[in-house]
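Student: Quick one: structure below, then a few questions.
Protein chains in written order, with my numbering: chain A, 600 to 858; chain B, 600 to 858.
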């Protein structure tokens, strides 16, 4: 239905997207996810701490997507799989106490098609328990398929299929490549984690964060800054602000200050 | 995400749609298709000459959609399964010599949502050879998922999942961006201005902002925080952080701190 050039244009966008399966329990689902990806033009599969891989069942269910399995990158956890990404989207059926901004699958497609400079990860949790709250907090957005109230639990590979389908539809339709929209490269997930470490230690030092009674403070601040999608210069500004705060708290301000 | 009334309205449309699997070879696919249907709010499954049904593997893959399997109607062929339908849509990856009018999956959803008086069948062929030409000629339309040229062969249950997803999206009245998903009221413009005043004075106090050489610092910080819409609790957290910074800079920390 789509010509060669459509396919090539879609592929260029889809190459920026990795599918990250976290703690997958059933190897068959890994194979079925690989097949779902390849039929939609995605090829980059990351497996964070899979229960059992490689596995005969994965190979069987992948059918002609065995190459996707063979090129899959196995990491020790989700953090390692998304370290160099600038846009991380978690899938979740559950509402969290502190909610991330939510995307409909169709909005996911539009967002990814429009984010021409991002390295994108779409992250899928375990079959039985999904993503942990801590894993979810590494995400910029949460995507949710509006299932029937009668039965909300989709098969893992089926969720991969629907989201990859929406990505492909957006890539083929590719409304407007939002290329030159931003003037700075975006902060990486790894850079953000270093910022959160610095933020946590600084807030502790000025006694705003009490380690014995942290409440939801860091969770809320993560949600706030992940929503912004900081660029690298902004990250540098915030790091500078934190360093200045620490110096002030330690009484290390320059002597020529008036107050 | 969708309220009760959305779900009920969608269900009324989805009740007019039956899923017809013709000559399915792998019983596991029947179970996976039943699960895909039920999560999207469809319940009426017809099995035309299945190779092996009921089957342990179908039950296993259906998980909590066993009721869909139990209520499935087994017929001797496709003709019997669609006999009382007024709108019959065949799925096919192949181009036929005599081509039926073609639908994109999204158009399928729109067509079905708009056909309020029709009894609708969506028909899926065998895993290896699809629908025969004779079976295809019993259809009013043909629907085709635009797969990647690199791998066009989707799993049967995955095709059922994507089409049922599009039916559900159309039934729900299309992707509504989820406005009301936030758990706190948003910050007012006035509240934001007070925050920026507080931010500016604090950054001056810790010597990070130099009034004689402000560069673009406040401009960049405004752009940063304005990019998201802060809620009131987040604004309170940020104000608290600034106040704690000022106290620390003035040496007013509680005496029981260790450093």
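Even glycine gets a Cβ: it sits at the ideal position worked out from N, Cα and C.
Every value quoted in this text rests on a predicted model; they were computed, and no experiment measured them.
1) From the DSSP output, which residues share a beta bridge with residue 647 of chain A?
2) Which of the three DSSP states, helix, strand or coil, is assigned to residue 747 of chain A?
3) Can you name, in chain order, every residue of its own chain whose Cβ lies under 7 Å from the Cβ of residue 705 of chain A, other than the five neighbours on each side?
4) If you reduce the DSSP assignment to three classes, tell me which class residue 741 of chain A lands in.
5) What residue range does the beta strand (DSSP E) around residue 805 of chain B cover?
6) Can you pull the chain B residues whose beta carbon is under 9 Å from the beta carbon of residue 638 of chain A, in chain order?
7) Compare the C-beta of residue 844 of chain A with all C-beta atoms of chain B and state if any pair is closer than 7 Å.
8) Applying a beta-carbon distance threshold of less than 8 Å, which residues of chain B neighbour residue 664 of chain A?
9) Any idea what DSSP makes of residue 830 of chain A, helix, strand or coil?
10) Quick check: the Cα distance between residue 801 of chain A and residue 825 of chain A, rounded to an integer number of angstroms?
11) Strictly under 7 Å for the Cβ-Cβ distance: is residue 727 of chain B near chain A by that measure?
12) Checking 7 Å against the spacing of the C-beta atoms, do residue 721 of chain B and residue 618 of chain B come in under that value?
13) Just grab the DSSP bridge partners of residue 702 of chain B for me.
14) Can you list, in chain order, the residues of its chain whose CB lies under 6 Å from that of residue 631 of chain B, leaving out five sequence neighbours each side?
15) If the cut-off is 8 Å on Cβ atoms, which residues from the region 789-802 of chain B count as contacting chain A, listed in chain order?
16) Distance, Cα to Cα, residue 797 of chain A vs residue 810 of chain B?
17) Measuring CA to CA, which of A:620, A:654, A:681 is closest to residue 729 of chain A?
18) Quick one: does residue 833 of chain B have its CB under 7 Å from some CB of chain A?
19) Quickly, what does DSSP pair residue 722 of chain A with across the bridge? List them, please.
20) Could you compute how far the alpha carbon of residue 743 of chain A sits from the alpha carbon of residue 786 of chain B?
21) Just to make sure I have the definition right: I need the residues of chain B whose C-beta is within less than 7 Å of the C-beta of residue 839 of chain A. Which are they?
22) If contacts are defined as beta-carbon pairs under 8 Å, then residue 817 of chain A and residue 799 of chain A qualify, I think. What distance do you get, rounded to the angstrom?
23) Would residue 635 of chain B count as contacting chain A if we go by Cβ distances under 7 Å?
24) Can you tell me whether residue 727 of chain B is buried or exposed? The criterion is at least 16 other CB atoms within 10 Å of its CB, across all chains shown.
25) For residue 615 of chain A, which residues in the same chain have their Cβ closer than 7 Å to its Cβ, ignoring the five residues on either side in sequence?
26) Suppose the cutoff is 7 Å on Cβ atoms and the five residues either side in sequence are ignored; what does the same chain contact list for residue 858 of chain B look like?
27) In whole angstroms, give me the CA-to-CA distance for residue 649 of chain B and residue 829 of chain A.
28) Can you tell which of B:609, B:712, B:849 has the C-alpha that lies nearest to the C-alpha of residue 806 of chain B?
29) Going along chain B in order, which residues have a C-beta closer than 7 Å to the C-beta of residue 761 of chain A?
30) Is the shortest distance between the beta-carbon of residue 836 of chain B and the beta-carbons of chain A less than 7 Å?
31) Note down, in chain order, every chain D residue with its Cβ under 8 Å from the Cβ of residue 618 of chain B.
32) Does any residue of chain A have a CB that is nearer than 7 Å to the CB of residue 827 of chain B?
33) Quick one: Cα of residue 839 of chain B to Cα of residue 655 of chain B, how far?
34) Do residue 637 of chain B and residue 667 of chain B have their C-beta atoms within less than 7 Å of each other?
35) What's the C-alpha gap between residue 634 of chain A and residue 834 of chain A?
36) Any idea which residues DSSP pairs residue 729 of chain A with across the strands?
Tutor: To lay it out plainly:
1) A:621, A:674
2) strand
3) 765
4) strand
5) Per DSSP, residue 805 of chain B belongs to no beta strand (DSSP E) and is neither H nor E.
6) 744, 746, 747, 749, 750, 751, 752, 753, 754, 757
7) yes
8) 750
9) strand
10) 19 Å
11) no
12) yes
13) B:742
14) 660, 756
15) 802
16) 26 Å
17) A:620
18) yes
19) A:619, A:689
20) 26 Å
21) 807
22) 6 Å
23) yes
24) exposed
25) 717, 718, 719
26) At residue 858 of chain B the pLDDT is 43, less than 50, meaning the model places this residue with poor confidence; the figure from the coordinates comes in the next sentence. Result list for residue 858 of chain B: empty, nothing under 7 Å.
27) 54 Å
28) B:849
29) 760, 761, 764
30) yes
31) Included in the structure are the protein chains A and B, with no chain D among them.
32) yes
33) 60 Å
34) yes
35) 38 Å
36) A:725
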